[in-house]
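Visitor: Quick one: the structure is below, questions incoming.
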Amino acid sequence: VVDPNITRCKLDEMAKLGVTGIRLNLVGVEIPDLTQPAWQHLLEHIKALGWHVELHRAARDLPALITVLLKSGVKIVVDHFALPSQEEKQNDPGFQFLLEHAETQQIWLKLSGAYRNGSTETLNDNVAPLIPLLLQHFGPAHLLWGSDWPHTRYENVVNYQKTFELL
């Protein structure tokens, strides 16, 4: 997570330390206007460095963000199965938008934090219908697995072994 006004010099320092992307943790906060000059300047640097932008936001809000990111040419990683609505699951319009834009080859999707898509009791019901669609549209090369450790806010109900077994 970085400020959009971060300097290129600082980004270069981060690159030398092994950083390969930035994360926009946008859950529970106002969505930034990525078309603003500071953000556009940052995205130019991210693209030049070959980094990715990781998005953490509910699926319903992803189309506006991803449209701008696709135009900038950066690589995009979407967290937690894209966090579709628990009610709509694979029919969530934001999730459908992702599927429709998989062909850009600019988007990767993380199969992580499945428990963030509903209660741990309904975990398989919530994410199971998503997986075949993700494989069909993105292919295995654009699907990433992550443990989501340290399972923030879910430390008492989820652990590494449980998340691995889901796959």
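If you read the sequence shown in the UniProt record's numbering, its first letter stands for residue 1, the second for the next number, and so on. All C-beta atoms, glycine included, are put in the ideal place defined by N, C-alpha and C.
1. H142 and S112: beta carbons closer than 7 Å?
2. With a CB to CB cut of under 7 Å and the five nearest residues on each side skipped, what residues in its chain are close to L99?
3. Where does I22 fall in DSSP's three states?
4. Where G28 and V53 are concerned, what is the direct C-alpha to C-alpha distance, given to the nearest angstrom?
5. If distances are taken between C-alpha atoms only, which option among I107, A82, L62 and A48 comes closest to L34?
6. Using DSSP bridges, identify the partner residues of V53.
7. Is it buried or exposed, N126, if we count other Cβ atoms within 10 angstroms and call 16 or more buried?
8. Taking the continuous beta strand (DSSP E) assigned at L34, which residues delimit it?
9. Who are L111's beta bridge partners in DSSP?
10. Measure the C-alpha to C-alpha separation of Q86 and W145 and round it to an integer number of angstroms.
11. Would you please state the rounded distance, in angstroms, between the beta carbons of L11 and L55? I believe it to be under 8 Å.
12. For G83 and I76, which I take to be in contact (beta-carbon distance under 8 Å), what is that distance rounded to the nearest angstrom?
13. Relative to the C-alpha of P129, which candidate in H45, I22 and D92 has its C-alpha closest?
Guide: The relevant details are as follows:
1. In the sequence shown, counting from the first residue as 1, residue 142 sits at position 142. In the sequence shown, counting from the first residue as 1, residue 112 sits at position 112. It is not a contact, given that the beta carbons lie outside the stated cut-off.
2. By 1-based counting over the sequence shown, the position of residue 99 is 99. The answer, listed in chain order, is L133 and H137.
3. As a first step, residue 22 must be located in the sequence shown, where it is residue number 22. Strand at I22.
4. Locating residue 28 in the sequence shown gives position 28, where the first residue counts as 1. Locating residue 53 in the sequence shown gives position 53, where the first residue counts as 1. Looking at the two C-alpha atoms, the distance is approximately 18 Å.
5. The residue labelled residue 34 in the question sits at position 34 within the sequence shown. Nearest of I107, A82, L62 and A48 to L34, Cα basis: L62.
6. Along the sequence shown, one-based indexing puts residue 53 at 53. In the DSSP output, where bridge partners are listed per residue, V53 has I22 and I76.
7. To locate residue 126, count along the sequence shown from 1; it is residue 126. The residue in question, N126, is buried, as its Cβ has 16 or more Cβ neighbours within 10 Å.
8. In the sequence shown, counting from the first residue as 1, residue 34 sits at position 34. Per DSSP, L34 belongs to no beta strand (DSSP E) and is neither H nor E.
9. If you number the sequence shown from 1, residue 111 lands on position 111. L111 pairs with W145.
10. Residue mapping note: residue 86 aligns to position 86 of the sequence shown, counting from 1. Residue mapping note: residue 145 aligns to position 145 of the sequence shown, counting from 1. The alpha-carbon atoms of Q86 and W145 are separated by roughly 21 Å.
11. Locating residue 11 in the sequence shown gives position 11, where the first residue counts as 1. Locating residue 55 in the sequence shown gives position 55, where the first residue counts as 1. Contact flag wrong, Cβ pair sits at about 19 Å.
12. The count along the sequence shown starts at 1 and reaches residue 83 at position 83. The count along the sequence shown starts at 1 and reaches residue 76 at position 76. Checking the displayed sequence, the identity of residue 83 turns out to be Leu instead of Gly. With a Cβ gap of about 14 Å, L83 and I76 do not count as contacting.
13. Walking along the sequence shown from the start, residue 129 turns up at place 129. Of the candidates H45, I22 and D92, the one whose C-alpha sits nearest the C-alpha of P129 is D92.
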